[in-house]
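Data first, discussion second: the structure below is written as structure tokens.
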Amino acid sequence: LTGSGFRGSTRSPSQKPSVSPEDPPRTPPLAPVLQLLRNQLQEKDALIRHLENDWERSRAQREREERLLVTAWYNMGLALQQQEGGTASRGFPSGAQSFLAQQRLATVARRARTPHGRAPSS
Numbered sequence: 001l002t003g004s005g006f007r008g009s010t011r012s013p014s015q016k017p018s019v020s021p022e023d024p025p026r027t028p029p030l031a032p033v034l035q036l037l038r039n040q041l042q043e044k045d046a047l048i049r050h051l052e053n054d055w056e057r058s059r060a061q062r063e064r065e066e067r068l069l070v071t072a073w074y075n076m077g078l079a080l081q082q083q084e085g086g087t088a089s090r091g092f093p094s095g096a097q098s099f100l101a102q103q104r105l106a107t108v109a110r111r112a113r114t115p116h117g118r119a120p121s122s
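Numbering-wise (full-length UniProt numbering), the sequence shown opens with residue 1 and increments by one.
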């Protein structure tokens, strides 16, 4: 019996201390986890860049299409105006009529013409 009278009450210096309940459990090293997260971040950044480029291309295409539509409408209106220029010289002063009246006259004149060089059907 030693010191206090209980067996094993003294510890020899070669014994390891027991794990106390306050010690956190062993965690894996952070380097592989960090590398995995960095890789995921790089993949997400690449995806974001790709989607931004796609959006930019779509926006540019839409703007080109809108400009083409505006140009086509302008050209069509100009062609109608030039086509119906002869009508104005026959007694319909184009300046005295509204734009809609001019368009109605152009439509009536276009419908009155024979389709593709054929005689009108009766």
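For every residue, glycine included, the Cβ atom is placed at its ideal position computed from N, Cα and C.
Contact defined as beta carbons within less than 8 Å: I believe L80 pairs with A106. What is the distance between those atoms, to the nearest angstrom?
Contact holds; Cβ gap of about 5 Å.
Could you name each continuous alpha helix (DSSP H) segment of 4 residues or more that falls completely within the UniProt domain "Hook C-terminal" (26 to 112), going from the start of the chain to the end?
30 to 83, 85 to 89 and 99 to 112
In angstroms with no decimal places, state the Cα-to-Cα distance between residue 123 and R26.
What the structure shows of the chain is the stretch from 1 to 122, and residue 123 is not part of that stretch, so it cannot be assessed.
Using the Cα positions of G85 and R110, report the straight-line distance between them to the nearest angstrom.
13 Å
Would you call Q83 buried or exposed, if buried means 16 or more other Cβ atoms sit within 10 Å of its Cβ?
Result: exposed.
Which word fits Q35, buried or exposed, when buried means at least 16 other C-beta atoms lie within 10 angstroms of its C-beta?
exposed
So is the beta-carbon of V33 under 7 Å away from any non-hydrogen atom of the ligand SAM?
Summarising the ligand content, the structure contains no ligands, and the ligand SAM is consequently not present.
Buried or exposed: where does Q102 fall if 16 or more other Cβ atoms within 10 Å of its Cβ makes it buried?
Label assigned to Q102: buried.
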